[in-house]
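Position one of the sequence shown corresponds to residue 2 (this note's numbering), numbered consecutively onward. Each residue gets a CB set at the ideal place from its N, CA and C atoms; glycine is no exception.
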Amino acid sequence: MKNLIYAISSGLLLALAWPTYGFPLLLFFAFVPLLYAEFKVRNSEKNSIKWKVFGLAYLSFFLWNLITTYWIYFSTAFGGAFAILVNSLLMALVFMLYHIVAKRTGFSAASAFLISIWMVFEKLHLAWEFSWPWLNLGNAFSEFQNWVQWYEYTGTFGGTLWVWLGNIAVFKAVLLYKEFRDKSLIYRGIFKLSLLVLIPIGISYLLLSQVEEKGDTMEVVILQPNINPYTEKYNTTDTRIGELLLKLSEEKVSDSTQLIVAPETVFADGTVLSNFEQSEAAFFSRQLINKYPQADFLSGISFYERFNDPAKVREQSNQIGPMDWYDDYNSAFLMNAEDIPQLYHKSKLVVGVENFPYQDILKPVLGDVMIDLGGTVAMKTTQEDREAFALNNQSFTGPIICYESVYGEYVTGYVENDADFLSIITNDAWWGNTQGHQQHLSYAKLRAIETRRDVVRSANTGISAFINQKGEVTKSLGYEKQGSIKSDIHLNSEKTFYVKHGDYLARVAQFLALFIFLFAVVKYKRSRPS
């Protein structure tokens, strides 16, 4: 019974630490009750140990996932259930791997393996087709961005390492106290944890005091149309949307405005890609540009391209019938008075909504279950490289579409392609007025710190915002409000250590986890009696 209470305690502590309502200090000991439960099972029971550890871990991680990401249900019931159940399963399997190694090695090796394998798991969640990095531990400090200004050197994996070091320190102090019953061991553990927490925070505030807003400035206007995706968006024509955007632009756009930004798929009728320049979206974009010729216009749009040439078929193409296919795109475009339109196609897709992972394996088993349960309607077609749009003033911006903004190293690709600031266009209305859209905005602050780039964020129903290079929201327009906001942003061309080196901590962790696991297994086999 006590072990169940320990498991529940860890799940609740993890949830209570999470943004945007939580307090991240709880993270530094949130795993300790679960670690202690595993230790007790490992050392006091002999039957079905692995499955007991797995069950306790699953309970902890299910509570964490459920409380922090329940809002996915409002977008797709199947997607919500899948994300919560499967992510909890994966976390529990990672913890069981730690249990296997802990049985065969000492405390230090097992602890190093746990930290490393958890980072490997988080890295996997950034790369594979079932990608879901929402609960990667480094994200938890997004509302306390002044604590993690050093993310410009480590990215969010620095936060993950930080959290686990704190938990290991507390766990060790608990075990030593249980063995020797000496209160001084607890005081020493508290002292070590305090140093582990306070020194990085102190370094962060030191960095913060030295951060200067770098680069020239430009005036940007963000448009927030506030179109409900369930009742209005796909029943509203591109013509009506264009007229609304023109109206909203009149509120704030001036002769000094250099960029106007509208949200993801705001033009949702479905435009033939090759006919874009004859579309309603292009027509109203030109009207906006003719009225404000000094400005660029960046917006989201839904594209498709139908074809009957088998040579054009790619992995993400959708088949309608014999010799009949189409590619479906969630895209961004930029138009100005000088150049031809620039296009970028969203390339980090939402599982079950925009893509069907591992179709060759899963579709024969699942059939159209994702479609039937409210998920994928069509596979979205992506592109290989991160596109940086060139503006009239010779600056560049990274057109980040929605879910892509959760991926740290991925976003650095825009900066590597010379983006001087980041533009996030999104539609968070699918989740309703829940933690979903608040967390999504909060995570964008981490991208600003990692890259030291201003962020311009246009959200269909909100929250639209300007974020500076310190990760501070300087101006915003609230949820379910229609309107526009204007601000000056800075254009920074310098590249941070993290931009240059990406998730190097995770790459080191991969080698360390593999080495410790192999060492533990080989050593255990050699030491077993014949």
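DSSP places S255 in the coil class of the three-state scheme, outside both helix and strand. Here D386 carries a coil assignment [DSSP, helix/strand/coil].
With 16 or more neighbouring CB atoms inside 10 Å of its own CB, T427 falls in the buried class.
Per the Cβ contact rule, the segment 165-177 is in contact with the segment 24-41 (3 or more Cβ pairs under 8 angstroms). A direct Cα-Cα distance of roughly 19 angstroms separates E123 from F55. If you look at T272, you'll find it in the beta strand (DSSP E) that goes F268 to V273.
The shortest C-alpha to C-alpha distance from I9 to any of Y327, D429, W119 and Y37 is the one to Y37.
About 7 angstroms separates the beta carbons of K173 and G190, which is inside the 8 angstroms limit, making them a contact pair. Cβ neighbours of R43 within its own chain (closer than 8 angstroms, five residues either side excluded): I50, V54, H100, A103 and K104.
In the DSSP assignment, P400 falls within the beta strand (DSSP E) that extends over F397 to I402. With respect to the C-alpha of Q150, the residue from V267, G414, F62 and R453 having the closest C-alpha is R453. Per DSSP, reduced to three states, the secondary structure at G301 is strand. Per DSSP, the beta-bridge partners of L344 are F334. Following the DSSP letters along the chain, one finds Q225 inside the beta strand (DSSP E) bounded by residues D217 to Q225. When DSSP assignments are scanned along the segment 34-71, the uninterrupted stretches of alpha helix (DSSP H) that are 4 or more residues long and fall wholly within it turn out to be 50-70. Remark: three or more beta-carbon pairs, one from each stretch, lie closer than 8 angstroms, so the segment 217-229 and the segment 481-490 are flagged as touching.
Closest option to N227, judged by alpha-carbon separation, among A514, G463 and A510: G463. Assigned with DSSP and collapsed to three states, W129 falls in coil, not helix or strand. Taking each of N276, L13 and L289 in turn and checking the Cα distance to Y305, the smallest one comes out for N276. DSSP lists Q225 as the beta-bridge partner residues of G484. Annotation for I73: G80, G81, A84, I85, W432 and G437 place their beta carbon closer than 8 angstroms to its own, counting only its chain and skipping 5 residues before and after. Leaving aside the five residues that flank M324 on each side, the residues in its chain whose CB is nearer than 8 angstroms to its CB run, in chain order, N309 and P311. Under the DSSP definition of a beta bridge, Q320 partners with W326.
V500 has its alpha-carbon roughly 20 angstroms from the corresponding atom of S443. In this structure, M92 sits near F62, with a CB-CB distance shorter than 8 angstroms. I290 sits buried, since 16 or more C-beta atoms from the chains shown fall within 10 Å of its C-beta. R307 has Y327 as its beta-bridge partners, per DSSP. One alpha carbon belongs to V175, the other to F520, and they sit about 27 angstroms apart. Burial is judged here by how many other beta carbons sit within 10 angstroms of a residue's own beta carbon; V523 has fewer than 16 and is exposed. Residue pairing by DSSP places K381 opposite D329 in a beta bridge.
A distance below 6 angstroms between beta-carbons, with the five flanking residues on each side excluded, links S143 to the following residues of its chain, in chain order: P20, S443, Y444, K446 and L447. Its chain contains D297 as the residues whose beta carbon lies nearer than 6 angstroms to that of L392, once the 5 sequence neighbours on both sides are disregarded; these appear in chain order.
Less than 8 angstroms divides the Cβ of T69 from the Cβ of L136. Exposure of Y22 is indicated by the presence of fewer than 16 other C-beta atoms within 10 angstroms of its C-beta.
For I200, the number of other beta carbons within 10 angstroms of its own is below 16, and it is reported as exposed.
DSSP places I101 in no beta strand (DSSP E) but in the uninterrupted alpha helix (DSSP H) bounded by A78 to A103.
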